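Beneath this line is the structure, given in structure tokens, with notes to follow.
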Amino acid sequence: MLARVAAVAGATAVVLSFAIPPASADPTAISGYAPPSATVGTTIDIQGSALGSVTDVVFPSNPNPVHVTPVSVTPTDVQVVVPQNAQSGEVSVSDGSTTTTATTSFTVLPTATLTASVGSVVYPATALLTATLSSGPAPVPNQTGTLQSQRVGTTSWTNGPQATTDSNGQIPFTVRPLASTLYRVAFAAGSAYGAATTNTVRVNQAPIVTMNLPTVAPILTGFRVQGYVRPAQTGPVYLQRYYSGAWHLVSIVSLSSTGHYVFIAKVPTKSTYMFRVRRPADAQQLGNVSAAGKVLGVDRTLRYGLSGPDVTALQRRLAALHYDVGRITGTYNFDTFHAVTAFEKVQRMTRNGVVNAAVLKALASPRIPHLRHPLRGPAVEIDLTRQVLYYAVNGAIVRIFDSSTGGGYYYTGSDGTQQRAITPTGHFSIRYKIDRWVKSKLGVLYRPAYFNSSGYAIHGEPEVPSYPASHGCVRITVPAMDRFYTKLVIGMSVWIYRS
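Under this note's numbering, the first residue of the sequence shown is numbered 4, with each subsequent residue one higher.
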């Protein structure tokens, strides 16, 4: 531009002209971002000065930066949509000839989501949680995520396991909640993306409730209903009985510190009653109920010759406890008598084959026998003290027989000498068998299986008293021998001992 200045020299005015250079324009600069971090697809404002001529915005990305056209431009603001594949770093702007790069970084935030395979589980079931990290449609691999949990009703988050996203940007977590629980996954910031936390998902938990009760109980007599709530917890549980088309409360007890409970219940008449135990819901978990169980009320002592549903229940209970009861007939027959006698022997009770209140109580919570010599394959153990025979397979008792062994008395042997009726103790094996009645000098044996060279055998016998009575063999009943004969294989181990 030209500047004119008038000067007076004497009476004459002199005009001077000279050029003034124009003032230089402000340089393009980026001062910041609003917001300073955002996800792909979000419109942000790049703030600065001399931005009015910007035509291109460049976001860092690996391997190549991403160019995007602004949405709007003013001298102080450039609005632009964060493009796909953009990563954290310094953003640049250009007017086509000059590029200006910010001195501060913009942070690209990934999108983090969490889903659960189920909304509720019954302990100890598990749920699968899947965390997904993405930037726009692209998965973000190799990012570390921490599973965080918060029990419902509490306010603090607890850090759990960590893992790294796979090529699909995902991390699976398997959880077994001990109560209804909130979950989320927190991803740490990396060089390319900022930190992110998923949405929160809730997995409700219901405890498992177990219940044990007798299948048969005398009327008006207390019996135990017991079980556990798992995971172990305290609080109330309700005993319920079903009648008139609905479940009705019987009583309430509190769980022990181990989650155990015991009810004492009674049944009023000879009938079948159905019970269950309910654990109510609370602030931290769902409620749940046990499987229902039936109790048959009886008002009689069961003995040989009786029939009825209470006898059927007795036979089924004995069979479940592995006593040789034969067929379930509902009639208190010969086999039932000997199965009861064997049960009384194992329980160390009076050996009379009669089921009174004491035997019923023992049937509900019986003494469980254990093998002295558990072996692979089939084997026999004979307890001379208890007067029972155990048939076992692979170390587990499969059947328990009433038996009678050497009576300890003296008798005249086949050679005319005095001998004592004693069953030998120790380890033997089945040497040979005879599949018929065998007559010996000391009596008749049914389908004997001999276990040593001196003529001792396991055999059937019409008379099997509740006490030791044989010359030394091991007696079981004739029907029992018919059920057992094929199981007595040659070479089978036979252990005989006193308990």
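C-beta atoms are modelled at their ideal positions from N, C-alpha and C, and glycine is treated no differently. Owing to the predicted nature of the structure, the values given are computational and were not obtained by experimental measurement.
With fewer than 16 other Cβ atoms from the protein chains shown falling within 10 Å of its own Cβ, tryptophan 440 counts as exposed. About 15 Å separates the beta carbon of arginine 354 from that of serine 502, a gap too long to meet the 8 Å contact definition.
Annotation for threonine 224: Lys269, Ala360 place their beta carbon closer than 8 Å to its own, counting only its chain and skipping 5 residues before and after. Here glycine 446 is bridged, per DSSP, to Ser443. Between phenylalanine 278 and leucine 321, the gap from beta carbon to beta carbon reaches 9 Å or more. A distance of 9 Å or more separates the beta carbons of alanine 192 and threonine 200. Residue nearest to methionine 352 within the set Pro175, Ser469, Gly300 is Ser469 (criterion: CA-CA distance). Aspartate 338 has its alpha-carbon roughly 8 Å from the corresponding atom of proline 482. Valine 121 is a Cβ neighbour of valine 206, given a cutoff of 9 Å. Closest option to proline 68, judged by alpha-carbon separation, among Phe404, Ala89, Gly296, Ala119: Ala89. Non-local C-beta neighbours of tyrosine 412 in its own chain, meaning closer than 6 Å and more than five positions away in sequence, comprise Ala424, ordered along the chain.
Ranked by Cα distance from glutamate 347, the first of Thr218, Leu366, Arg402 is Leu366.
The stretch 218 to 238 and the stretch 147 to 157 do not touch, with fewer than three beta-carbon pairs separated by less than 8 Å.
Taking C-beta separations shorter than 7 Å and ignoring five residues to either side along the sequence, the partners of threonine 334 in its chain run Ser310, Val314, following chain order. With distances taken between CA atoms, serine 257 lies nearest to Val232 out of Arg244, Tyr245, Val232, Lys273.
For alanine 316, the uninterrupted alpha helix (DSSP H) segment begins and ends at 312 to 323.
Around the CB of tyrosine 196, 16 or more other CB atoms lie within 10 Å, so the residue is classed as buried. Beta-bridge pairing by DSSP links proline 175 to Thr133. Following the DSSP letters along the chain, one finds threonine 46 inside the beta strand (DSSP E) bounded by residues 46 to 52. In the assembly as shown, leucine 117 is a buried residue. Its beta-carbon has 16 or more other beta-carbons within 10 Å.
With distances taken between CA atoms, threonine 480 lies nearest to Val328 out of Val328, Thr426, Gly398. One alpha carbon belongs to valine 81, the other to valine 57, and they sit about 8 Å apart. Per the Cβ contact rule, the stretch 92 to 99 is not in contact with the stretch 172 to 189 (fewer than 3 Cβ pairs under 8 Å). Arginine 379 is classed as exposed because its beta carbon has fewer than 16 other beta carbons within 10 Å across all chains shown. In the assembly as shown, asparagine 336 is a buried residue. Its beta-carbon has 16 or more other beta-carbons within 10 Å.
Contact annotation: alanine 166 and leucine 136 have beta-carbon atoms that are not nearer than 9 Å.
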